[in-house]
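Okay, structure first, notes after.
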Amino acid sequence: MPKLVVDGKEIEFKQGQTIIEAAKEAGNTIPHFCWHPSLSVSGNCRVCLVEVEKMPKLVIACSTLAAEGMIVHTASEKALAARNAVMEFLLINHPLDCPICDEAGECKLQDYAYAHGVGESRFVEEKTHKDKRVPLGPNIMFDGDRCISCSRCIRFCDEIAGAPELTFVKRGDRVTIVTYPGRQLENPYAMNVVDICPVGALTNRDFRFKARVWDMSANKTICQGCSRGCNIELWVRNNEILRITPRQNDEVNSYWMCDHGRLNTFKFVNADDRVDGPYLRREGSLAKVGWDEAFAAAASELKQFNKNEIAFIGSAFASCEDNYMLREFALNVIGSRHIDFMRHSDSNFGDEILRKNDITPNTMGAELVGVTPAAGGLNFDGIINSINEGKIKALYLIEDDILSANPELENTLAKLNLFIVHSSNFNKTTTLADIVFPAAAYAEKNGTMVNFQGRIQRLMPAVATLEQDRSLDGMAMSRLDKFGTRFDRWAKGNKRDVRPTWKIILSLSAAAGYKLIRQAQANMAEDIFEIMSKKIDAFKGLDYDKIGEKGIMLKIDVAEKA
Amino acid sequence: MEKIVLPDIKDLHLIDVYIKNNGFNAVKKALLQKPDDIIDQVKRSGLRGRGGAAFSTGLKWSFMPKTTDKPKYLCVNGDESEPGSFKDRQIFEYNPHQLIEGILITCYAIGAKTAYVYIRGEYHKWIKLFQKALDDAYSQGYVGKGMKTKFQTDFFCDIYVHKGAGAYICGEESSLMNSLEGKRGYPRVKPPFPAQFGLWGCPTTINNVETITNVPAIINNGWEWFSKIGEPKHPGTILYGISGHVNKPGVYELPSGMLLTDLIYNYAGGVPGNKKILCVIPGGSSMPPLRGDKIEGVKMDAESLKAVGTSIGTGGIIVMDEDTDLVKVLARIAKFYYHESCGQCTPCREGTGWMLKILNRILNNEGSSKDLDLLISVASNIEGNTICALGEAAAWPVKFMVQRFRDYFEKRVSPEVLIPVANKVHSMRHTAFPIADIKE
């Protein structure tokens, strides 16, 4: 491979790479604002000016191709002088409103001002003024004063979202960004511009002014919005999810996620209608009971039925671990062969970018762990028919609001003699349930899911529960979490009495007198996965460490599964 | 002295008059030769671009790829928006057919089938005049498909007039191309250069109007003839546009290398009231100015001007007499570049406004000696750090005017360092103590 020298260190590069790309791969990130690895090069911010020996002028590292034997200095006197000069130019008209700016703490301009600014201003004139608080679309607010005209957002809309909605207008230091007349910034991926905006010019209307970034913790997990399984981070303060941002994974979602995933997949976790503790139906309405009472009730109720009268419905919203334990319970404890799960598809949702028509995160995982009818068992439609015919009298359902998905099921479910539901929130389905177990939401548990590509990825908890501690269980901690006291307003948090489905099922089988798993040490989701990895071919040889933060492709024929 | 670009022939803008005066013979002659030979002749003639950079025209043409599956284009830059520059419009008005003939020869030499003449939007009159000339040339078969029968050749090319939308920056070659493509007039990051990636990503040559108008004469009279006119390193005639404090302002076509004083005193009739010259800008407002007491013996060609720390630019000479308010001049020039900065890249976008604000402050007698250093520093920080040459265009007048007229500027600023009052008040506003109580 050809080589060039950056700051005295010889590094290899691929033909066609620019200096900034080659240096980045070698671990030397040259300061930049407008350059983004997956957008076109615009070369306008001029912060990446570097000195290249034998070149008459400084060149921008983002557009200059690396060449064999090239000698680059990113911190020579000339390069530093240029960088300081550009930083000064960027700052003269930039408002000094970091204390009230949402971007503060994750602002490239702020970071570079610390690193490369001269520390004092020679600018005594009045700063330029542009429009503030301009809603560019339903979810994005624009502050013209803060904008450094790097054009990342414009290029994102043109090149990634395929929706040219933004443009520059005016000239010189009057340049600002607007939507085209009669249009809004409202493409399904629009909010990514908030992430790539290097300053606080574009802010998330759903999140702005809610929290300082350093007051939140960020935990890595995967999006629940569809079967893509975009890698994300959940930002939590006071045990409440405040926002979701995408996390880079070139194999899955690059740097992006869609607005649906960003806005609609976390609020139910914070919602007031969470199932907080187990509930039993008494005299027609659901009443909160203790765990032991709920397990005992469920175990004795299930014993009232013949094994062929009980059916199980898993969930493409639940993890592999949850679905696996349900299957084990159905087949080995109850002895029922009737197990399946509901498919959720929306032909209007998918697109050519990230979104998939399968709007559940774990269809493939549920299939792989065997939440499909056992030999001679009924599938989902068969189970529904049999309930209508009175052949199936008890239904055990996990983590799926099937009634909202298909309101026609209401009469069917009403016919059941026993209906046990695991649910994170009260919903239409739970209104018909006899026993409701409080299931941990995806943000409250460890687990795995398999996306449409056949890639297994990990769920990692971001929200603490009564049985899962933020610090003891290794979740990311914010400064408030680490250093706050119980007197702090934002260090208390609402911890809910919920458990992951697999754990509930384990306890339930114990209450029913069965030892579902021989190993008594099944304390963690990881232990369940270890059992699965021994029994399920697709998971063979895998463990949580191997799956890691970015997931791993399973050795399965995806086309066949799909 | 023979004039090449603007000969003294009555009604030369009419196609019949042009044809009678040896018109379209050069293109006939050129079409019988190989394109590479044409490029070679232009290269040997020493013709250098008249748009400002004075780059060798033949060399530029030779950068065009010989083998490509893309169409090639010629752009003719008639944006002429540099203050002090008003020569191209003379060509549109008085000798448009020689420009057309030059375009045909250039297209043949570089293998382009299409040429665009980009004319400054404010030049309504000259756009009409040139369009009329072009229509006449088309109707007589000198341009377009008619060339095949007219010249008995397989080669033909089309010429289109494109009207600019009123931006100085569109005279910069790459933003001109963006503008032609219907995009915002933003300069492109170079490399790639136009010969590789020009109009619509295709190989493109872009030349100034005056440059192209010289080409037919080179083909007719031979490169040796041309190379012997004026200064050997920058041969040919130059359209000197003289304006400002002179008795006879105007465009004068004269050989390169004329003495600046000769131009001002002999051709432009000297300074009104016989006043002394304070300052001369030799090549349009963006070029470094010269002190009036340093213009003796200065020759007007690229190399000689480089030696005295300025540049030929477009040959637009601006003369300022001793009563000129240089601070006002500089503030006005700075205002122009502030207004015309496209705003794409940081140093120019932010720096032009900053320099203007400082200069306005000095105009209002609120400047200090330190501000002069600041001006030079800001200008130096813009220079060389931008995408296009507008950075230099904005920085040079400020930097060199302040440097070369430091004594003049020092008289206009306070020797003390002024701390702006606004800032003082601001910092004190929120203290609990009365200002008088705060000891130094």
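Which chain is which? The protein sequence lines are A and B, in order. Each residue of the first sequence is one higher than the one before, starting from 1 at the first, in our numbering. Each residue of the second sequence is one higher than the one before, starting from 1001 at the first, in our numbering. Even for Gly, the Cβ is constructed at its ideal location relative to N, Cα and C.
Outcome for residue i when other beta-carbon atoms lying within 10 angstroms are tallied against a minimum of 16
{"i": "P1415/B", "result": "exposed"}
{"i": "R133/A", "result": "exposed"}
{"i": "N1423/B", "result": "Any reading at N1423/B must be qualified, since the residue scores a pLDDT of 43, below 50, and its modelled position is unreliable; the value itself is stated next. So N1423/B counts as exposed."}
{"i": "S121/A", "result": "exposed"}
{"i": "R479/A", "result": "exposed"}
{"i": "D340/A", "result": "buried"}
{"i": "S1045/B", "result": "buried"}
{"i": "P99/A", "result": "exposed"}
Distance, residue j Cα to residue i Cα
{"i": "D1301/B", "j": "F1193/B", "result": "26 Å"}
{"i": "G493/A", "j": "A26/A", "result": "42 Å"}
{"i": "A1379/B", "j": "G1309/B", "result": "16 Å"}
{"i": "G284/A", "j": "R262/A", "result": "38 Å"}
{"i": "N1207/B", "j": "C1170/B", "result": "14 Å"}
{"i": "N270/A", "j": "E233/A", "result": "16 Å"}
{"i": "M475/A", "j": "E444/A", "result": "10 Å"}
{"i": "L1260/B", "j": "A1395/B", "result": "24 Å"}
{"i": "N427/A", "j": "D272/A", "result": "12 Å"}
{"i": "R470/A", "j": "L508/A", "result": "26 Å"}
{"i": "R486/A", "j": "N357/A", "result": "45 Å"}
{"i": "C48/A", "j": "V1251/B", "result": "44 Å"}
{"i": "E1350/B", "j": "G16/A", "result": "32 Å"}
{"i": "A511/A", "j": "I420/A", "result": "15 Å"}
{"i": "P1232/B", "j": "S1056/B", "result": "13 Å"}
{"i": "P1289/B", "j": "P56/A", "result": "24 Å"}
{"i": "D543/A", "j": "E526/A", "result": "8 Å"}
{"i": "I313/A", "j": "M553/A", "result": "27 Å"}
{"i": "R355/A", "j": "M257/A", "result": "9 Å"}
{"i": "V1444/B", "j": "G1084/B", "result": "Residue 1444/B lies beyond the residue range present for chain B, which begins at 1001 and ends at 1440; the question has no answer from this structure."}
{"i": "L506/A", "j": "L516/A", "result": "7 Å"}
{"i": "V1215/B", "j": "F156/A", "result": "45 Å"}
{"i": "H530/A", "j": "I536/A", "result": "Residue 530/A is actually Glu in this sequence, not His. Each residue's alpha carbon lies about 10 Å from the other."}
Near the ligand NAP: residue i beta-carbon under 7 Å from a heavy atom
{"i": "A491/A", "result": "Among the components of this structure there are no ligands whatsoever, and the ligand NAP is therefore not found."}
Which of helix, strand or coil DSSP assigns to residue i
{"i": "E526/A", "result": "helix"}
{"i": "M1287/B", "result": "coil"}
{"i": "P135/A", "result": "strand"}
{"i": "I398/A", "result": "strand"}
{"i": "I1159/B", "result": "strand"}
{"i": "W502/A", "result": "helix"}
{"i": "W256/A", "result": "coil"}
{"i": "H116/A", "result": "helix"}
{"i": "N231/A", "result": "strand"}
{"i": "T1204/B", "result": "strand"}
{"i": "V1005/B", "result": "coil"}
{"i": "K57/A", "result": "coil"}
{"i": "L1176/B", "result": "helix"}
{"i": "I140/A", "result": "strand"}
{"i": "S1227/B", "result": "helix"}
{"i": "V124/A", "result": "coil"}
{"i": "S336/A", "result": "coil"}
{"i": "K1145/B", "result": "helix"}
Beta-carbon separation (whole angstroms), residue i vs residue j, contact threshold 8 Å
{"i": "H422/A", "j": "I196/A", "result": "About 39 Å separates the two Cβ atoms, so there is no contact after all."}
{"i": "K1275/B", "j": "E1322/B", "result": "5 Å"}
{"i": "I1212/B", "j": "V1042/B", "result": "Not confirmed; about 10 Å, so no contact."}
{"i": "K9/A", "j": "M1/A", "result": "That pair is no contact at about 15 Å."}
C-beta neighbour in chain D for residue i, strict 8 Å
{"i": "T1352/B", "result": "Structure shown: chain D not included; protein chains present are A and B."}
Could you name each continuous alpha helix (DSSP H) segment of 4 residues or more that falls completely within the region 277–334 of chain A, going from the start of the chain to the end?
291–302 and 320–328
What are the start and end residues of each continuous alpha helix (DSSP H) run of 4 or more residues lying completely inside the region 1053–1140 of chain B, in chain order?
1057–1062, 1088–1094, 1096–1110 and 1124–1139
Which full runs of the alpha helix (DSSP H) of 4+ residues lie inside the region 172–225 of chain A, going along the chain?
192–196
Pick out the complete beta strand (DSSP E) segments inside the region 417–499 of chain A, 3 residues or longer, and give them in chain order.
418–423, 435–438, 447–450 and 455–459
What beta strand (DSSP E) runs, 3 residues minimum, are completely inside the region 1319–1354 of chain B?
none
Scan the region 1234–1310 of chain B and note each continuous alpha helix (DSSP H) run of 4 residues or more that stays entirely inside, going in chain order.
1302–1307
In the region 367–398 of chain A, which residue ranges form an unbroken alpha helix (DSSP H) of at least 4 residues, counting only runs that do not cross its ends?
380–389
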